[in-house]
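*Asks:* For the sequence shown, the working numbering begins at 381 and goes up steadily by one. One structure, as structure tokens, below. Some questions next.
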Amino acid sequence: MEELNDAGPDMDEVTLRQLISDVRDGSVDPDDAVARLTRLPFADVGDALVDHHRAIRQGMPEAVYGPGKSADQCVAIVGELLEHGTGPVLLTRADVVQRAACLDAHGSADEANQSMLWRRPTPTREANVLVITAGTSDLPVAHEA
């Protein structure tokens with residue numbers, strides 16, 4: 381039987397369809413599927429609600445916006461997404477204290493400007509992205525993208 385956290389609550393449409401298929405095929409117990417789905421769409425981490433259903437609605441999982449959050453809040457939110465999510469975890473506009481706390485709690489991440497990214501193996505999708513700036517003052521935001 382598949383572990384409950386394998387699909388996690390941070391579902392996208394592909395993961396949700398796979399869960400339904402796994403129940404139909406008998407590889408996931410219906411009670412386990414219900415347990416996964418009852419955690420949706422939000423997880424309460426104290427001071428914040430983590431949106432695990434955002435990927436279904438928007439096509440991308442939730443990002444963590446650093447300003448206005450304490451380092452402990454960033455650690456808790458990133459931890460929730462890493463523990464129960466399926467996609468990459470992005471922390472944006474984080475200050476030095478927030479980034480240090482998240483690195484200490486969750487290990488290495490890709491860093492650019494004031495952002496951190498924890499990657500997971502994800503299915504490859506063919507797509508092109510174009511980032512255009514109006515000048516050099518936009519470069520930090522463009523690098524974030």
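Ideal Cβ positions, reconstructed from N, Cα and C, are used throughout, including at glycine.
For Ser450, which option in Arg473, Asp518 and Asp431 has the closest C-alpha, if you only look at C-alpha atoms?
*Replies:* On the sequence shown, position 70 is the one that residue 450 refers to. Cα-wise, what sits closest to Ser450 is Arg473.
*Asks:* Decide if the stretch 504 to 516 is in contact with the stretch 466 to 482; the criterion is three or more beta carbon pairs, one per stretch, under 8 Å apart.
*Replies:* No: fewer than three Cβ pairs fall under 8 Å.
*Asks:* According to DSSP, simplified to helix, strand and coil, what is Leu510?
*Replies:* Start at 1 with the first residue of the sequence shown, and residue 510 comes out as number 130. It is coil, neither helix nor strand.
*Asks:* On the premise that His464 lies in contact with Ala492, defined as a C-beta separation below 8 Å, what is that separation, rounded to the nearest angstrom?
*Replies:* As a first step, residue 492 must be located in the sequence shown, where it is residue number 112. As a first step, residue 464 must be located in the sequence shown, where it is residue number 84. Ala492 to His464, Cβ: 25 Å. No contact.
*Asks:* With DSSP as the reference, label Pro447 as helix, strand or coil.
*Replies:* In the sequence shown, the residue the question calls residue 447 occupies position 67. The answer is coil: DSSP assigns Pro447 none of H, G, I, E or B.
*Asks:* Is it the case that the stretch 453 to 468 contacts the stretch 483 to 499, given that we only count it when at least three CB pairs across the two stretches are under 8 Å?
*Replies:* The answer is yes - the stretch 453 to 468 touches the stretch 483 to 499, with three or more Cβ pairs under 8 Å.
*Asks:* So is Met455 buried or exposed if we call it buried at 16+ other beta carbons inside 10 Å?
*Replies:* Along the sequence shown, read from residue 1 onward, the residue named residue 455 stands at position 75. Looking at the sequence shown, residue 455 is not Met but Val. Result: buried.
*Asks:* On a CA-only basis, which of Gln494, Leu429 and His433 is nearest Arg416? Give me that one, please.
*Replies:* Sequence index remark: in the sequence shown, residue 416 carries index 36 (1-based). If we check each option's Cα against that of Arg416, His433 comes out closest.
*Asks:* Taking its Cβ as the centre, do 16 or more other Cβ atoms sit within 10 Å of Ala489, making it buried, or is it exposed?
*Replies:* By one-based count along the sequence shown, residue 489 stands at place 109. The residue in question, Ala489, is buried, as its Cβ has 16 or more Cβ neighbours within 10 Å.
*Asks:* Hey, out of Ile436, Leu483, Pro410 and Leu470, whose CA is closest to Asp452's CA?
*Replies:* Taking the sequence shown and counting its residues from 1, one reaches residue 452 at position 72. The shortest C-alpha separation from Asp452 is found at Leu483.
*Asks:* I'd like the ranges of any beta strand (DSSP E) spanning at least 3 consecutive residues and lying wholly in the stretch 388 to 443.
*Replies:* Counting only runs of 3 or more, we get 422 to 424 and 429 to 431.
*Asks:* Expressed to the nearest angstrom, what Euclidean distance is found between the alpha-carbon atoms of Ile457 and Ala428?
*Replies:* As a working note, residue 457 is residue 77 in the sequence shown. As a working note, residue 428 is residue 48 in the sequence shown. Taking the straight line joining both Cα atoms gives about 7 Å.
*Asks:* Identify, in the order they occur along the chain, each residue of the same chain with its Cβ nearer than 8 Å to the Cβ of Thr513, setting aside the five sequence neighbours on each side.
*Replies:* Here residue 513 corresponds to residue number 133 of the sequence shown, with the count starting at 1. Contacts found: Leu519, Val521 and Ala522.
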